[in-house]
Amino acid sequence: MNFPAYANINLDRLNSNLDIIHKRAKVPMTPVIKANAYGHGAAPVAKDIWRRKDVAALSVGTVAEGAELRKAGIKGRIIVLDGFLPEQAGAVSLYSLEVVVSSFDEAKLLARKSARRPIPVHVKINTGMTRLGADPEGALDFFNQVSGLKKVAIVGLMTHFAASNIAKGGSTTQISLFSDIISAIRSSGRTIPPIHAANTAAIFRHPQSHYDMVRPGIGIYGIQEFGGKNAGLSPVLSLFAKVTMIRSVKKGTPVSYQSTWISPGKRRVALVAIGYADGYSRSLSNRAHAIINGKKIKQIGIICMDNCLFDVTGANASPGDDVTLIGGDKRAIITVNQLARKIGSITYETLCSIGRRVARIYVKRGKIKMVREGF
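Following UniProt numbering, the numbering of the sequence shown begins with 1 at its first residue and continues without gaps.
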């Protein structure tokens, strides 16, 4: 590909991951495509999956993300998970979005901005995350108050797990508390809307949390952030950058800012067209590896804003060659998990950090379906 840096997005793997997740959950899904689909590109991902029969809705983080999908032509349901600012209440109605509410004041504000139809909302209960959501002791009153608003329609009852990816993360306690709240609402005579709670880890670890719908996020992109048996998910994204220059250096030659790498002898050094502005973290400096023509190579020196350097001594490397930063084959592979662990981060952050200058190449059935050039 003729881009300095680009990501291959394998849409077949994306759909295969959704198949695996749906087979496990056995209920409709609302795939989470917030944060630019975790760096994969929200609009292209949404366009490829929103018509699936097992996809009930798409979930985003913000009102702006929901508006972006509408402008891209997505007609299906869109749920805004992180609420809204008061100034955005009108946009929720304008773009026909569903939104999570955590307080009666939020619901009343939406009711005032409602146009012809009631605005659909998902009532969120805090069962242990202590982020969004009404606290348990006021959950029943909150639900009843929102139910009384004529221009707001409750279409979901939800919670979120704090640590469903670990064995003793408290998810069982959260599920028990949530079940008590559901029972209290039901006993009050209210109709229970569709219930949803499970993220990717909970889908595989806590089947009792599947309820009426699940919210897979990182898993649809092929990342397994929970222990236990391999779920069979396949990474969707591979990341590449071009070699733009190769030079020979002698022993004692300093490389990049602050001269943190000094050549221990005669070496071939490749300049590669990706830097921390593109999401290749500066914290990886002198710690990361990549692959060129099947051979693993070491990153050297401080990673710069626009580029970085690799020791390609002994490798078959030339200007114009692709360097694999995430991905690989049977000969060698670099995973997102490996990069994240090297800097004490998580796969979510590593993927979401991939910048907009990186072109995205969308491949389906072995053919390029779409190209979004970096800018």
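The C-beta atom is built at its ideal place from N, Cα and C for all residues, glycine as well.
- Judged by pairs of C-beta atoms under 8 Å, the segment 291-302 touches the segment 314-325, as three or more such pairs exist.
- Taking each of SER176, VAL358, ILE346, PRO31 in turn and checking the Cα distance to ASP306, the smallest one comes out for VAL358.
- By the C-beta criterion, the segment 146-162 is judged to be in contact with the segment 96-115, since at least 3 inter-stretch pairs fall below 8 Å.
- In the DSSP assignment, VAL80 forms a beta bridge with VAL60, VAL99.
- With a minimum length of 4 residues, there is no unbroken run of alpha helix (DSSP H) contained wholly in the segment 275-314.
- Contact fails between the segment 200-207 and the segment 180-191, because fewer than three Cβ pairs, one in each stretch, are under 8 Å apart.
- If you look at PHE240, you'll find it in the beta strand (DSSP E) that goes 237-249.
- THR159 and SER256 have their C-alpha atoms spaced approximately 48 Å apart.
- Counting C-beta pairs closer than 8 Å gives fewer than three between the segment 169-176 and the segment 216-223, which falls short of the contact rule.
- The three-state reading of DSSP puts ARG117 in coil, since its state is none of H, G, I, E or B.
- Straight-line spacing of the CA atoms in ARG372 and SER238 works out to 15 Å.
- Contact between PHE104 and GLN145 is confirmed by a C-beta separation of about 5 Å, below the 8 Å threshold.
- With distances taken between CA atoms, THR244 lies nearest to CYS308 out of CYS308, ALA91, PHE143.
- By the neighbour-count criterion, in which 16 or more other beta carbons inside 10 Å mark a residue as buried, ASP311 falls on the buried side.
- Considered as a whole, the segment 124-163 harbours 152-158 as its complete beta strand (DSSP E) runs of no fewer than 3 residues, in chain order.
- For the set SER114, TYR362, ARG52, the Cα lying nearest the Cα of ALA91 is the one of SER114.
- Annotation: ALA25 is outside any beta strand (DSSP E); the continuous alpha helix (DSSP H) that includes it extends over 11-25.
- The three-state secondary structure of LEU325, taken from DSSP, is strand.
- For HIS122, DSSP records a beta bridge to VAL100, GLY156.
- Taking 8 Å as the cut-off, the beta carbon of ALA42 is found closer than this to the beta carbon of GLU65.
- Cβ contact annotation for TYR38 (same chain, cutoff 6 Å, sequence separation greater than five): TYR221, LEU351, CYS352, in chain order.
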